[in-house]
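Here the structure comes first, spelled out in structure tokens, and everything after it is commentary.
Residue numbers (the working numbering): 6 to 650.
What follows is the structure in structure tokens.
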């Protein structure tokens, strides 16, 4: 049983979770989903000065005045757990944005420490923080740390014995201050000397802001009759005016304090970086820069990763040594033909599962992780999020989804898992379904591009236009019918710089470890599903069921049924079979276009679909999956009819 509790808070990307992992004892770590959500809350324990502390790692936030699901959860956690301390993590570049959280914490009345993580300190934008001034303002100590270099982390425990209640450093308008005093007195009249662990001023402020989390919590604490008395005392007209004044004061105070405590050093920028910083999120020039980045990523993935690396690993390593080695090894054991087929048969765990995981997907994903690490450390992803925010807002998403969609071009399995990092459950669902049903993976895309080169240019352009239209139509459909708690984009704009090798390696290692933790179980299950489907005759049954649909509705030859079955097993297998049929003359230009549309837009690979079921639930995955499948069949049949007549 812990003697004291602490909660760690901060925005995305400041090293919050790494600090948690460093402080707590690994054997004490536990995780659970926050009730009603798919957001994990980590808990662990550590000992400081003979006291046992429980540390809670909360979801990333930008404010304690909730506008997103994460911020609702963090405020609820603080209210429920009543922590003795809050650890607030920030970086030099986000001090101004994070001072808003500091102001909220000072109002809350709980002691807090500010951890300034300089692990990503930038070579071209250095900052100095006036720590003495910051302490005099908030009565909160600031500790400079480096997560990557593991510097300063030991000091955190030293400060746990020197905790003082913070103080408010701003001044509201006179009318608001008087209203606060009157409402605090009214609250005291109703509840007496009841100790909430938090300042009553904070509770009143949140009531002025019509904070639903605080209202629900207070009803439980004091009962409905007492709440009705307080509610009647709050003038709704005045509160609407005071709410705007309070938020404006907080924001202006954060900006003023940032100017007092943050000193940005003068430095000489590269002219190229100066220009890129200026234009990276510009609507026109930013789009051109993004197009160049996309072309670079595609060439790197399709030519180097999916081409050279995959060919070398699959042909020279796995085909010649790894797969024959496993076949030879398994043959030495007296096992049944069924088990032998499951391990080293056509759909065996070693012959297909391991080869697919390590020789085909991993090289592509590894290079994509490397590219994303470089883009992230350079600061470009923050510009990209702003650039694409308006586009993604059409689907109920924000620009924060841009890096997840880039990952989806490498492997949809990982992108679907990563979608959970978005703000709201609705955004998780929308992003996951768009990735699975509208984004072709890189292994499939290379084959698609080769096939588009053999059909008329008009058909190729029509294919691209229909893919984009699918993204917009399905995204708009999901935005209307998937329940969503709205959350906006709150994004720090990073100064572009040359990426640092140490930071790239750290991010690459984290992403690679996450890949094996997430992908391996899914691909094992997918391979087992394929083996059992083939052994039980399910694959043959699917082929017979699809035959009456493929030929009369889509106008495709009967043998193309195999394409759709293979496409479900592995997207690139289906595309590869289409490529063979195109080369041997089995398909004409219209049939190539129609088959590409259906394979690309309606058939996720089994691994991606299993991940979708795992993350979003069987009922939702099946219902939306079937809706999109029949919609795509209708689209394919319409395209077929129009082009033929």
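Note that CB positions come from ideal geometry on N, CA and C, so glycine has one too.
Since this is a predicted model, take the numbers as computed values, not measurements.
query: Within 10 angstroms of the Cβ of residue 88, are there 16 or more other Cβ atoms? Answer buried if so, exposed if not.; result: buried
query: Over what stretch of residues does the alpha helix (DSSP H) that includes residue 613 continue unbroken?; result: 611-621
query: Taking the straight line between their C-alpha atoms, what separation do you get for residue 328 and residue 398?; result: 47 Å
query: Quick check on residue 55: does DSSP put it in helix, strand or coil?; result: coil
query: With distances taken Cα to Cα, identify the nearest neighbour of residue 59 among 39, 31, 73 and 75.; result: 31
query: On the premise that residue 231 lies in contact with residue 196, defined as a C-beta separation below 8 Å, what is that separation, rounded to the nearest angstrom?; result: 7 Å
query: How many angstroms separate the CA atom of residue 68 from the CA atom of residue 15?; result: 9 Å
query: Between which two residues does the beta strand (DSSP E) carrying residue 115 extend?; result: Looking at the DSSP string, residue 115 is not in any beta strand (DSSP E), and its letter there is neither H nor E.
query: Just how far apart, CA to CA, sit residue 164 and residue 146?; result: 8 Å
query: Let me check understanding here. Comparing Cα to Cα, which of 294, 621 and 383 lies closest to residue 3?; result: In the structure as shown, the chain starts at 6 and stops at 650, and residue 3 therefore has no counterpart that could be examined.
query: Count the other CB atoms within 10 Å of the CB of residue 683; is the residue buried (16 or more) or exposed (fewer)?; result: In the structure as shown, the chain begins at 6 and stops at 650. Residue 683 is therefore absent and cannot be evaluated.
query: Distance cutoff 9 Å, beta carbons only. Does residue 374 sit that close to anything in chain B?; result: In summary, chain B is missing from the structure at hand, where a single protein chain is found.
query: When the Cα atoms are used, what is the spatial distance from residue 311 to residue 305?; result: 9 Å
query: For the region 615-622 against the region 527-536, do three or more pairs of beta-carbon atoms, one drawn from each stretch, fall closer than 8 Å, so that the two count as touching?; result: yes
query: Can you tell me whether residue 501 is helix, strand or coil according to DSSP?; result: coil
query: Could you check where the alpha helix (DSSP H) with residue 554 kicks off and where it finishes?; result: 543-559
query: Here's a check: name, in chain order, each residue in its chain whose Cβ is nearer than 6 Å to the Cβ of residue 21, leaving out the five neighbours to either side.; result: 13, 15 and 94
query: Would you mind giving the Cβ-Cβ distance between residue 407 and residue 620, rounded to the nearest angstrom? I have them listed as a contact below 8 Å.; result: Contact doesn't hold; Cβ gap of about 20 Å is too wide.
query: Quick one: using the 10 Å Cβ neighbour count with 16 as the cut-off for buried, is residue 502 buried or exposed?; result: buried
query: Give me the Cα-Cα distance between residue 512 and residue 314, rounded to the nearest whole angstrom.; result: 21 Å
query: Could you give the C-beta distance for residue 347 and residue 536, rounded to a whole number, given that I count them as a contact under 8 Å?; result: 5 Å
query: Count the C-beta pairs between the region 334-345 and the region 375-390 that are closer than 8 Å, then say yes if the count reaches three, no if not.; result: no
query: Taking residue 592 as the reference, which of 459, 476 and 632 has the closest Cα?; result: 459
query: What three-state label does DSSP hand residue 152 in the structure shown?; result: coil
query: Between the alpha carbons of residue 654 and residue 70, how many angstroms are there, rounded?; result: This structure leaves residue 654 out entirely; the chain is present only between 6 and 650.
query: Under the DSSP definition of a beta bridge, which residues are partnered with residue 136?; result: According to DSSP, which records beta bridges pairwise, residue 136 is partnered with nothing at all.
query: Pull up the DSSP beta-bridge partners for residue 93, would you.; result: 14 and 119
query: In this structure, does DSSP put residue 72 in helix, strand or coil?; result: coil
query: What residue range is occupied by the uninterrupted beta strand (DSSP E) comprising residue 36?; result: 35-38
query: With distances taken between CB atoms, is the gap from residue 149 to residue 123 smaller than 9 Å?; result: yes
query: Looking only at C-alpha atoms, which of 569, 293, 281 and 177 sits nearest to residue 257?; result: 177
query: Are residue 606 and residue 583 closer than 9 Å when you measure CB to CB?; result: no
query: If you check the beta carbons only, do residue 444 and residue 417 fall under 9 Å apart?; result: yes
query: Does DSSP put residue 178 in a helix, a strand or coil?; result: coil
query: Assuming residue 364 contacts residue 322 under a Cβ cut-off of 8 Å, what Cβ separation, rounded to an integer in Å, is found between them?; result: 7 Å
query: In this structure, how does DSSP classify residue 172 when only helix, strand and coil are distinguished?; result: coil
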